[in-house]
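Trainee:
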Amino acid sequence: MALILKCKWRFFNNPTSLWTRLIKEFYGSNGGFFQDRKPAAGSRPWSRILAVEVKFHVTSLVSKSTLRRSVGNGEETRFWEDVWIGHRTQATLFPRLAVLEATPVDGWRWCWQRQVRDGRPAAELSRLLELLTSFSCSDHRDKCVWELSEEGTFSVAETRRWIDNDILPEGSGTTRWCRLVPRKVNIFIWCLLLDRIPSFIALSTRGIEINSIMCPVCQDYPGHVGHLFGSCDVAVRIWDAVARWLQIPSFAYLTPREVFARVDGSRINAKQKEVLEVVVCTVFWVIWQYRNDVVHDAGKLEKRPFLWY
Ligand SMILES: [Zn+2]
8 MALILKCKWR FFNNPTSLWT RLIKEFYGSN GGFFQDRKPA AGSRPWSRIL AVEVKFHVTS
68 LVSKSTLRRS VGNGEETRFW EDVWIGHRTQ ATLFPRLAVL EATPVDGWRW CWQRQVRDGR
128 PAAELSRLLE LLTSFSCSDH RDKCVWELSE EGTFSVAETR RWIDNDILPE GSGTTRWCRL
188 VPRKVNIFIW CLLLDRIPSF IALSTRGIEI NSIMCPVCQD YPGHVGHLFG SCDVAVRIWD
248 AVARWLQIPS FAYLTPREVF ARVDGSRINA KQKEVLEVVV CTVFWVIWQY RNDVVHDAGK
308 LEKRPFLWY
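Sequential numbering from 8 applies to the sequence shown in this note's numbering.
1. Let me have the residue list for ligand 1: C-beta closer than 5 Å to any non-hydrogen atom, ordered along the chain.
2. When the Cα of V106 is compared with those of S206, L132 and I92, which residue comes out closest?
3. Counting beta carbon pairs with one atom in the region 194-211 and one in the region 222-238, are three or more of them shorter than 8 Å?
4. What residues match up with S77 in a beta bridge as DSSP calls it?
5. Taking K1 as the reference, which of V290, V282, P22 and E281 has the closest Cα?
6. Quick one: what's got a C-beta closer than 6 Å to I294's C-beta in the same chain, skipping five residues either side?
7. Go through its chain and collect everything with a Cβ distance to V69's Cβ below 8 Å, but skip five positions before and after it.
8. Buried or exposed: S238, going by 16 or more other Cβ atoms within 10 Å of its Cβ?
9. When the Cβ atoms of the region 182-196 are set against those of the region 26-42, are three or more pairs found closer than 8 Å?
10. Can you round the beta-carbon distance between F258 and I196 to whole angstroms, since I take them to be within the 8 Å contact cut?
11. So, is I245 buried or exposed, given that buried needs 16 or more other C-beta atoms within 10 angstroms?
12. With distances taken from CA atoms, which of P128, S77, P102 and F86 is nearest E158?
13. P229 by DSSP, collapsed to three states: which one?
14. Let me check understanding here. Comparing Cα to Cα, which of A9, T140, E32 and T96 lies closest to F41?
15. Are G79 and D146 closer than 9 Å when you measure CB to CB?
16. Taking the alpha helix (DSSP H) that H335 falls in, what are its first and last residues?
17. Please report the straight-line C-alpha distance between W119 and E137, rounded to a whole angstrom.
18. Comparing C-alpha positions only, which one of H234, E216, S211 and T212 sits nearest to C222?
19. In terms of alpha-carbon separation, which member of V302, L261 and F33 lies closest to V287?
20. Are the CB atoms of R103 and V90 within a distance shorter than 9 Å?
21. Does DSSP put W115 in a helix, a strand or coil?
22. Might you give, ordered along the chain, the residues of its own chain that have their beta carbon closer than 8 Å to the beta carbon of C198, omitting 5 neighbours on each side?
23. Which same chain residues end up closer than 7 Å to E216 when comparing Cβ atoms and leaving out the 5 residues on each side of it in sequence?
24. So if DSSP puts E165 in a beta bridge, which residue, or which two residues, is it bridged to?
25. Under 9 Å, do W115 and G81 count as touching if we go by C-beta distance?
26. Let me know the secondary structure DSSP gives E137 once reduced to three states.
27. Pick out whichever of R55, D271 and N299 has its Cα sitting closest to the Cα of C225.
28. Any idea if V163 is buried or exposed, counting beta-carbon neighbours within 10 angstroms, 16 or more meaning buried?
29. Distance check for V285 and W153, CA to CA, integer angstroms please.
30. Need the endpoints of the alpha helix (DSSP H) that N218 sits in, please.
Put into structure tokens, the structure is as follows:
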């Protein structure tokens with residue numbers, strides 16, 4: 008599995024090599040990576056590679072944002088289509104704005120098809136400008152960053168270790184227990200980190216017949232753990248609100264394991280870390296409660312502006 012991820016790393020690190028250009032001809036500029044479903048057609052070996060990559064996302068083993076671009080002079084990074092700030096492409100985060108871009112390929116110099124004055128495009132522009140205040144270019148070349156490695160470069164050994172730790176839970180260290188949250192929340196977090204919560208996908212893979220495996224909150228994507236707690240619209244808004252509240256980077260688009268890994272690795276004192284852990288546990292718990300409300304009280308609940316605004 009780690010070797011398949013190496014393929015992805017090499018694809019984005021060698022954009023001008025012959026095999027990369029060939030794949031791009033058939034599968035587009037991203038080579039078919041970063042999708043939620045495997046391609047319906049295509050060459051068999053490459054389709055299999057993509058299918059395994061999709062499985063990584065669906066099972067939350069390795070999130071999409073593990074590979075991203077570190078921008079230096081911006082010459083090799085596409086503003087709208089590459090993951091380079093945050094954990095998704097700007098075209099995904101700001102779709103209304105992206106379609107107004109007249110020259111998307113040369114997207115570092117914006118040229119709107121019409122003036123952005125009001126409505127959703129204006130709101131998206133405001134959020135984008137806010138996001139860019141923390142960003143600055145340099146004279147260095149752009150490069151790819153592999154977030155599972157401390158050096159930022161891909162390593163089969165390190166990736167294999169990461170996957171092993173996830174697949175073999177008994178070898179993954181001590182059980183996490185936060186004394187400031189209720190026992191039921193601790194038990195829930197324990198199940199969440201072992202990927203043992205009864206999501207529709209989990210029930211389906213255990214042979215229980217269910218109507219749909221789609222996320223019950225948004226109905227747009229399969230309802231796996233990584234999506235529900237990381238990239239679903241409600242989750243993103245909560246994590247972003249928490250980030251603004253605590254003035255820290257957002258936990259949106261991370262898997263639960265990655266969230267706790269970041270909490271554990273934060274350079275703050277023990278007390279602050281404990282408080283952050285309480286906040287994180289509470290967010291996971293609230294998202295799960297909200298999801299259950301939607302499932303069990305379908306039709307009664309509306310999607311509502313959420314907490315911490
Ligand atoms: Zn969703």
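Heads up, the beta-carbon is just placed ideally off N, CA and C, and yes, glycines get one too.
Mentor: Taking the coordinates as given:
1. Result (chain order): C222, V224, C225 and C239.
2. When each option's Cα is compared against that of V106, the closest is L132.
3. Taking 8 Å as the limit for Cβ pairs, the verdict is that the region 194-211 does touch the region 222-238.
4. K150
5. Residue 1 lies beyond the stretch modelled for the chain, which goes from 8 to 316, so this question has no answer here.
6. F236 and A242
7. L12, F63, L155, T166, W169 and I170
8. buried
9. Taking a cut-off of 8 Å on C-beta distances, the region 182-196 does not touch the region 26-42, as fewer than three cross pairs fall below it.
10. That belief does not hold up - the Cβ atoms of F258 and I196 are roughly 14 Å apart, past 8 Å.
11. buried
12. S77
13. strand
14. T96
15. yes
16. This structure cannot speak to residue 335, because the chain is shown only from 8 to 316.
17. 18 Å
18. H234
19. Of the candidates V302, L261 and F33, the residue whose Cα lies closest to the Cα of V287 is L261.
20. no
21. coil
22. I204
23. none
24. Beta-bridge pairing links E165 to no other residue.
25. yes
26. Assigned with DSSP and collapsed to three states, E137 falls in helix.
27. N299
28. exposed
29. Each residue's Cα considered, the two are about 28 Å apart.
30. Taken as a continuous stretch (DSSP letters only), N218 belongs to no alpha helix (DSSP H), as it is neither H nor E.
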